[in-house]
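Student: Input: one structure, supplied below.
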Amino acid sequence: MVVRPKLSKNDALVVQRLRRHHPDQYQLPLEPTELYREACEDEEGNPHIVIVWRTIPGMAGVMYTLEDGSEVKFVDDCWFEIVATGGLITRCPTV
2 MVVRPKLSKN DALVVQRLRR HHPDQYQLPL EPTELYREAC EDEEGNPHIV IVWRTIPGMA
62 GVMYTLEDGS EVKFVDDCWF EIVATGGLIT RCPTV
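Just so you know, we're using this note's numbering here: the sequence shown kicks off at 2 and counts up by one.
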């Protein structure tokens, strides 16, 4: 079988399995798996929790969100960017 990851219309991750030499196909929806949470804070000291998700089981891809579901982008070892606002949050202690 050939497995090809793709996104459905509502951006849910789906694995499409195609049987060799057979016209039938089916889709198996997959839910991201939570790996761990990072305690972070923004420039004003407000606390935020970043959740790290495994997007496809058994593969290295991850994505990041806040607890409220807002998308977060990894910047470097200390910083994340909140996509909706462009604000930066850090997981490294500030002095």
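The C-beta atom is built at its ideal place from N, Cα and C for all residues, glycine as well.
Computed from a predicted model, the values in this text were never measured in an experiment.
(1) Taking the DSSP output, what are the residues bridged to valine 53?
(2) May I ask which residues mark the beginning and end of the beta strand (DSSP E) holding valine 89?
(3) Rounded to the nearest angstrom, what separates isoleucine 83 and methionine 64 at their Cα positions?
(4) Does glutamate 44 come out as helix, strand or coil in the three-state DSSP assignment?
(5) Could you have a look at glutamate 72 and say whether DSSP puts it in helix, strand or coil?
Tutor: Looking at the atomic coordinates:
(1) If you number the sequence shown from 1, residue 53 lands on position 52. DSSP, once it has assigned bridges, lists Tyr37, Tyr65 as partnering valine 53.
(2) Residue mapping note: residue 89 aligns to position 88 of the sequence shown, counting from 1. According to the sequence as given, residue 89 is leucine; it is not valine. Per DSSP, the continuous beta strand (DSSP E) segment holding leucine 89 begins and ends at 89-91.
(3) Taking the first residue of the sequence shown as position 1, residue 83 is located at position 82. Taking the first residue of the sequence shown as position 1, residue 64 is located at position 63. Each residue's alpha carbon lies about 12 Å from the other.
(4) For the purposes of this step, residue 44 is taken as the residue at position 43 of the sequence shown. Glutamate 44: coil per DSSP, three-state reduction.
(5) Taking the sequence shown and counting its residues from 1, one reaches residue 72 at position 71. Here glutamate 72 sits in strand by DSSP.
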